[in-house]
Amino acid sequence: FMTFHGGSEVDQVIDAMDFAVYAYDVEHVIIDNLQFMLSRLGRRSGGDFNSRFDQQDLAIEKFRRFATDKNVHITLVVHPRKEDEGVRLGLSSVFGSAKATQEADCVLIIQSDGELKYLDVKKNRYDGQLGIVPVHFSSFTGSYYEPNAEESANLKKRILSKPEYPRFSGR
1 FMTFHGGSEV DQVIDAMDFA VYAYDVEHVI IDNLQFMLSR LGRRSGGDFN SRFDQQDLAI
61 EKFRRFATDK NVHITLVVHP RKEDEGVRLG LSSVFGSAKA TQEADCVLII QSDGELKYLD
121 VKKNRYDGQL GIVPVHFSSF TGSYYEPNAE ESANLKKRIL SKPEYPRFSG R
């Protein structure tokens, strides 16, 4: 429905989301990705590092308010900051200030060691349950899927047996 490309004004995106909720009863919005969306705004302010974080915080605040006021779920893709290779990503790995993870109801991180991939549930405001969900990627459908229960249990054991689960490597 919404096909914004490049840097976009947050208020313009929220106006489009508001229309989608009203006209089409949309209940879930995916914004991919916050840094790219705000990139043009950062250039306009001279690329000041603190200004970028302030803009990100303001955008997150507006999205949080919209989600609460309209009773919709917003999935906000935020890429990690650079971490050492082989280090598992955590809440502090999210690019920008801590506001992104503080305001979130749920934080999911895609982790990988090049062999095993899984979703790492780092925050869950609904019932507090955290954990991992092994996933496979289908090149045919271009999507991730959860393996059957037996394979999933075996993969969880393999993942948890590693001393440090490595971060997502993009493979």
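Its first residue numbered 1, the sequence shown is counted upward by one per residue in full-length UniProt numbering. Built from N, CA and C at the ideal position, the CB exists for glycine as well. Owing to the predicted nature of the structure, the values given are computational and were not obtained by experimental measurement.
Residues V133, P134 and E146 of the same chain have their beta carbon placed closer than 8 Å to that of S152, with the five preceding and five following residues left out of the count. Closest option to F95, judged by alpha-carbon separation, among E103, D113, K62 and R81: R81. Within a 10 Å sphere around the beta-carbon of A104 sit 16 or more other beta-carbons, which makes this residue buried.
Counting along the chain, the unbroken beta strand (DSSP E) around D120 starts and ends at K117 to N124.
V10: member of the alpha helix (DSSP H) spanning V10 to Y24, first to last residue.
DSSP, read as helix, strand or coil, puts T141 in coil. In the structure shown, the three-state DSSP call for Q111 is strand. CA-CA distance, G114 to S139, rounds to 16 Å. Counting other Cβ atoms within 10 Å of its Cβ, S143 stays below 16 and is therefore classed as exposed. When only Cα atoms are considered, V29 and A59 end up about 15 Å apart. In this structure, D32 lies near V77, with their beta-carbon atoms less than 7 Å apart. Taking each of N124, D127, M17 and S112 in turn and checking the Cα distance to K156, the smallest one comes out for S112. Sequence-distant partners of R64 (beyond 5 residues in either direction) whose C-beta falls short of 7 Å from its own C-beta, in its chain, are E103. In the DSSP annotation of this structure, L76 is not part of any alpha helix (DSSP H); the continuous beta strand (DSSP E) holding it starts and ends at H73 to V77. If you ignore the 5 residues before and after L91, its C-beta comes within less than 6 Å of the C-beta of T101 and K122, all in its own chain and listed in chain order.
In the DSSP assignment, D32 falls within the beta strand (DSSP E) that extends over H28 to D32.
With a cutoff of 7 Å on beta-carbon distance, F66 and I14 are scored as near each other. In this structure, V72 sits away from V107, with a CB-CB distance that is not shorter than 7 Å.
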